[in-house]
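> Position one of the sequence shown corresponds to residue 3 (my numbering), numbered consecutively onward. Even glycine gets a Cβ: it sits at the ideal position worked out from N, Cα and C.
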Amino acid sequence: MVSGASEFDTGSAVSARDGEGGVYDAALGEGWRIGGGVNGGVLLAIAGRALAAEFGTVDGDRPAHPDPLAISAYYLTPGAPGPATVRTSVVRRGRAVSTGQASLLQDDGQGGEVERVRFLATYGDLASVDGDLTTSAQPPDLPPPDRCVSAAQAPPDFLKHASLLQRLDMRLDPATTGWAMGKPSGNGVIRGWLRMADGREPDPLLLLLAVDALPPVAFELGLPGWTPTLELTAHVRARPAPGWLRVNLTNRTLAGGFLEEDAEVWDSEGRLVALSRQLARASVPAPDRR
């Protein structure tokens with residue numbers, strides 16, 4: 003168990019700005035970097051936390067809606083370590099669900115702001131639907147965590163550009179790590195176990211990180227370059243039980259240098275607690291003209 007504030011809670015923290023309703027200050031940490039920018043799942047969680055603050059209290063005769071049910075993010079420019087601002091607005095407060103939008107912005111270095119990500123989200127109360135979950139999907143069949151490949155075993159040169167992995171305890175199914183040895187399967191599947199390295203238990207906000215935490219499925223397609231996310235939509239279906247999460251990533255379509263990546267997140271009780279789909283740009287190797 004983690005004692006005190008976890009790295010995830012610190013890294014996704016927001017604070018309401020005095021005198022400016024719906025505006026929150028945040029800090030994008032160096033420790034959440036992946037490639038050239040801050041991980042998209044962390045940015046999703048930061049906005050998710052700001053919107054939870056907006057909807058998480060009773061408003062007149064309307065109940066609190068503390069949990070993200072669906073949240074879509076459009077990634078406009080890479081998030082860089084440093085201060086950030088989240089500006090939220092309420093689209094609608096309802097009795098069953100509420101809808102809001104948010105923008106995450108940073109200083110553009112010229113006295114203005116640049117928008118990093120724009121979000122649209124529906125919030126509700128997952129406690130009201132806890133236990134009401136049926137699906138025809140099946141959790142991924144994984145070897146035990148101690149028989150999987152730990153992210154800590156990645157080459158030092160790779161870890162140098164992926165400080166995010168130091169925050170996570172990630173164990174990948176050996177059957178989906180051929181890319182790490184230069185032998186990608188081409189199957190478009192990566193799956194593994196996931197939890198926070200400091201023992202912080204999962205909750206709905208952490209699921210927003212989980213859907214974008216594993217290496218991109220493009221690696222197992224033989225596309226080793228960084229895969230920046232253009233759009234990501236996450237659906238949170240239930241509050242996860244404590245313990246390991248199982249994450250399954252799949253791909254079906256690659257066209258014109260763009261691919262979709264579907265994620266399923268299962269909790270320790272075998273429940274499907276979150277799903278996502280993202281559109282990402284893939285670095286397709288140039289054809290060999292020899």
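Are at least three pairs of beta-carbons, each pair with one atom in the region 182-189 and one in the region 161-168, less than 8 Å apart?
Judged by Cβ distances under 8 Å, the region 182-189 makes no contact with the region 161-168, as fewer than three pairs qualify.
> Reducing DSSP to helix, strand and coil, say where residue 91 ends up.
Here residue 91 corresponds to residue number 89 of the sequence shown, with the count starting at 1. In the structure shown, residue 91 sits in a strand (DSSP, three-state: E or B).
> Going by C-alpha distance, which of 195, 141, 108 is nearest residue 39?
Counted from its first residue, the sequence shown places residue 39 at position 37. When only C-alpha atoms are compared, the closest one is 108.
> Are the CB atoms of residue 78 and residue 234 within a distance shorter than 9 Å?
Taking the sequence shown and counting its residues from 1, the one referred to as residue 234 is at position 232. Taking the sequence shown and counting its residues from 1, the one referred to as residue 78 is at position 76. No. Outside cutoff.
> Counting C-beta neighbours from all protein chains within 10 Å, is the total for residue 146 16 or more, i.e. buried, or is it exposed?
Reading the sequence shown from its first residue, position 144 is the one you call residue 146. Exposed, since its Cβ has fewer than 16 Cβ neighbours within 10 Å.
> I need the straight-line Cα distance from residue 291 to residue 191, nearest angstrom please.
To locate residue 291, count along the sequence shown from 1; it is residue 289. To locate residue 191, count along the sequence shown from 1; it is residue 189. Confidence at residue 291 is low in this model, with a pLDDT of 49, below 50, so its placement is unreliable and the value that follows should be read with caution. Approximately 29 Å, taken between the alpha carbons.
> Quick check on the burial criterion: 16 or more other C-beta atoms within 10 angstroms. Buried or exposed for residue 140?
Along the sequence shown, read from residue 1 onward, the residue named residue 140 stands at position 138. Burial call: exposed.
> Using alpha carbons as the reference points, say which of 8, 43, 36, 48 lies closest to residue 27.
Mapped onto the sequence shown, residue 27 falls at position 25. Ranking 8, 43, 36, 48 by Cα distance to residue 27 puts 48 first.
> Specify the secondary structure class of residue 291 as computed by DSSP and reduced to three states.
What you label residue 291 is simply residue 289 of the sequence shown in a count that begins at 1. Confidence at residue 291 is low in this model, with a pLDDT of 49, below 50, so the placement of that residue should be treated as unreliable; the coordinate-derived value is given next. In the structure shown, residue 291 sits in coil (DSSP, three-state: anything other than H, G, I, E or B).
> Rounded to the nearest angstrom, what separates residue 124 and residue 223 at their Cα positions?
The sequence position of residue 124 within the sequence shown is 122, counting from 1. The sequence position of residue 223 within the sequence shown is 221, counting from 1. In a straight line, the C-alpha of residue 124 is about 33 Å away from that of residue 223.
> Looking only at its own chain, which residues have a Cβ that is under 6 Å from the Cβ of residue 76, when we skip the five neighbours before and after it?
Here the question's residue 76 lines up with position 74 in the sequence shown. Closer than 6 Å at the Cβ level, and outside the excluded window around residue 76, lie 120, 233.
> Taking residue 1 as the reference, which of 220, 264, 240 has the closest Cα?
Residue numbering for the chain in the displayed model covers 3 to 292; residue 1 lies beyond these limits and cannot be assessed.
> Quick one, are the C-beta atoms of residue 254 and residue 264 less than 9 Å apart?
Taking the sequence shown and counting its residues from 1, the one referred to as residue 254 is at position 252. Taking the sequence shown and counting its residues from 1, the one referred to as residue 264 is at position 262. Taking 9 Å as the Cβ cut-off, residue 254 and residue 264 qualify as a contacting pair.
> Within the same chain, show all residues whose beta-carbon is closer than 7 Å to that of residue 56, passing over the 5 residues directly before and after it, in chain order.
Position 54 of the sequence shown holds residue 56. Answer for residue 56: 24, 90, 92, 102, listed in chain order.
> Evaluate residue 87 with the Cβ neighbour count: other Cβ atoms within 10 Å of its Cβ, from every protein chain shown; 16 or more gives buried, anything less gives exposed.
Position 85 of the sequence shown, counted from the first residue, corresponds to residue 87. When all chains shown are included, residue 87 counts as buried.
> Rounding to the nearest angstrom, what Cα-Cα distance links residue 261 and residue 63 in this structure?
As a working note, residue 261 is residue 259 in the sequence shown. As a working note, residue 63 is residue 61 in the sequence shown. Going by the C-alpha atoms only, they are around 44 Å apart.
> Please name the residue, chosen from 176, 228, 53, that lies closest to residue 71 on a Cα-to-Cα basis.
To locate residue 71, count along the sequence shown from 1; it is residue 69. When each option's Cα is compared against that of residue 71, the closest is 53.
> Between 245, 202, 236, 148, which lies nearest to residue 214 when the distance is taken from Cα to Cα?
The residue labelled residue 214 in the question sits at position 212 within the sequence shown. Answer by Cα proximity: 236.
> Does the separation of the CB atoms of residue 230 and residue 282 fall below 9 Å?
Counting from one through the sequence shown, the residue named residue 230 turns up at place 228. Counting from one through the sequence shown, the residue named residue 282 turns up at place 280. For residue 230 and residue 282, yes; Cβs fall inside 9 Å.
> Determine the extent of the beta strand (DSSP E) in which residue 194 is found, giving its start and end residues.
As a first step, residue 194 must be located in the sequence shown, where it is residue number 192. That run of the beta strand (DSSP E) goes 191-198.
> Quick one: Cα of residue 242 to Cα of residue 212, how far?
As a first step, residue 242 is located in the sequence shown; it is residue number 240 there, counting from the start. As a first step, residue 212 is located in the sequence shown; it is residue number 210 there, counting from the start. C-alpha separation (whole angstroms): 12 Å.
> Would you identify the three-state DSSP class for residue 270, choosing helix, strand or coil?
For the purposes of this step, residue 270 is taken as the residue at position 268 of the sequence shown. DSSP places residue 270 in coil when its eight states are reduced to three.
> For residue 101, which of helix, strand or coil comes out of DSSP?
One-based indexing of the sequence shown puts residue 101 at position 99. Reduced to three states, the DSSP call for residue 101 is strand.
> Quick one: what does DSSP say residue 295 is sitting in, helix, strand or coil?
Not covered by the structure: residue 295. The range shown for the chain is 3 to 292.
> Buried or exposed: where does residue 44 fall if 16 or more other Cβ atoms within 10 Å of its Cβ makes it buried?
Looking up residue 44 in the sequence shown gives position 42. When all chains shown are included, residue 44 counts as buried.
> Mind checking residue 196: buried by the 16 CB within 10 Å criterion, or exposed?
Counted from its first residue, the sequence shown places residue 196 at position 194. When all chains shown are included, residue 196 counts as buried.
> Return the CA-CA distance between residue 110 and residue 116, expressed in angstroms with no decimal places.
Here residue 110 refers to the residue found at position 108 when the sequence shown is read from its first residue. Here residue 116 refers to the residue found at position 114 when the sequence shown is read from its first residue. Going by the C-alpha atoms only, they are around 5 Å apart.
> Of all the beta strand (DSSP E) runs that stay within the bounds of the region 117-203, which reach a length of 3 or more residues?
170-174, 191-198
> With residue 56 as the anchor, note down where its alpha helix (DSSP H) starts and where it stops.
As a position in the sequence shown, residue 56 is number 54, starting the count at 1. Per DSSP, residue 56 belongs to the alpha helix (DSSP H) from 42-57.
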